[in-house]
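Single-structure report; data block below.
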Amino acid sequence: MPEIQQFLLNIKNEILYVNSHIFIVAILLLFLFIATYTDLKNMKIYDKFNAVFFVTRLLIIILPFGITYQWTHLIGGLIGGLFLLIPAMVLMHKMGGDIKFMFIFGMYLGGYYTIVLLLLSCLIHFIYSIVSIFIFKRQNKKTMVPFAPFFCISYSILTLLGFLYL
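In UniProt numbering, the protein residues as written are 1 to 166.
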């Protein structure tokens, strides 16, 4: 009888674990879609939006969702922020909202997944830029392109492929 109780308890814990991860993925997709919309419309990700995103992350850490916070999540935030901050400072680009957004997004994903997401985002952005500049001639090399849509596309691809499982 204790084996059956333990088995049922394990099933319950697994269901809670999977449901909490689905909840986190849904939150990330919601914030990504909102960031993509505002970035496409206004070429800006607002600080208030980033603050809500950050507070949501803190609530997920504090509330008992069955998800532990690890140092890799903080490292992911630093990687995400610095990966965009350093080129923005060197090239004098205005990417403040994208940098803050990626810092918070990296805190959700952790270090490894943040690197994978950033590399795929840059690859998709590169392909888009090459096609836009050389094939369609819609933009030149100085044209500002919003970066949040590429985060959204990359995260969606990686999630659908099953690569990103928090």
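We put the CB at the ideal spot given by N, CA and C, even for glycine. As the structure is a prediction and not an experimental result, all values here were calculated from the model.
Output yes or no for whether 8 Å exceeds the beta carbon distance between residue i and residue j.
{"i": "Ile45", "j": "Gly97", "result": "yes"}
{"i": "Met53", "j": "Phe83", "result": "Checking the displayed sequence, the identity of residue 53 turns out to be Phe instead of Met. No, these two residues do not count as a Cβ contact at 8 Å."}
{"i": "Gln139", "j": "Ile130", "result": "no"}
{"i": "Asn50", "j": "Lys100", "result": "yes"}
{"i": "Ile79", "j": "Ile115", "result": "yes"}
{"i": "Leu111", "j": "Ile75", "result": "According to the sequence shown, residue 111 is Gly rather than Leu. Yes, the pair counts as a contact, with Cβ atoms nearer than the cut-off."}
Should residue i go down as buried or exposed, given a rule of 16 or more other Cβ atoms within 10 Å for buried?
{"i": "Asp39", "result": "buried"}
{"i": "Pro149", "result": "buried"}
{"i": "Gly104", "result": "With the sequence shown as reference, residue 104 is identified as Ile, and Gly is not the correct amino acid for it. The residue in question, Ile104, is buried, as its Cβ has 16 or more Cβ neighbours within 10 Å."}
{"i": "Leu113", "result": "The residue you asked about is not Leu; residue 113 is Tyr in the sequence shown. The residue is buried, with at least 16 neighbouring Cβ atoms inside 10 Å."}
{"i": "Ala35", "result": "buried"}
{"i": "Leu117", "result": "buried"}
{"i": "Gly162", "result": "exposed"}
Taking the C-alpha atoms as reference points, what is the distance between residue i and residue j?
{"i": "Leu158", "j": "Met92", "result": "30 Å"}
{"i": "His125", "j": "Phe147", "result": "8 Å"}
{"i": "Phe23", "j": "Leu29", "result": "10 Å"}
{"i": "Leu120", "j": "Phe151", "result": "8 Å"}
{"i": "Ser154", "j": "Leu109", "result": "13 Å"}
{"i": "Phe33", "j": "Arg57", "result": "17 Å"}
{"i": "Ser20", "j": "Ser156", "result": "18 Å"}
{"i": "Leu166", "j": "Val25", "result": "For Leu166, the predicted model reports a pLDDT of 49, less than 50, meaning its position is unreliable; a value from the coordinates is still stated below. C-alpha separation (whole angstroms): 8 Å."}
{"i": "Tyr37", "j": "Glu3", "result": "51 Å"}
{"i": "Ala88", "j": "Gly81", "result": "11 Å"}
{"i": "Phe136", "j": "Thr143", "result": "14 Å"}
{"i": "Leu160", "j": "Ile62", "result": "28 Å"}
Exercise. Going along the chain, which unbroken runs of the beta strand (DSSP E) with 3 or more residues stay wholly within the region 97-139?
Worked result: none
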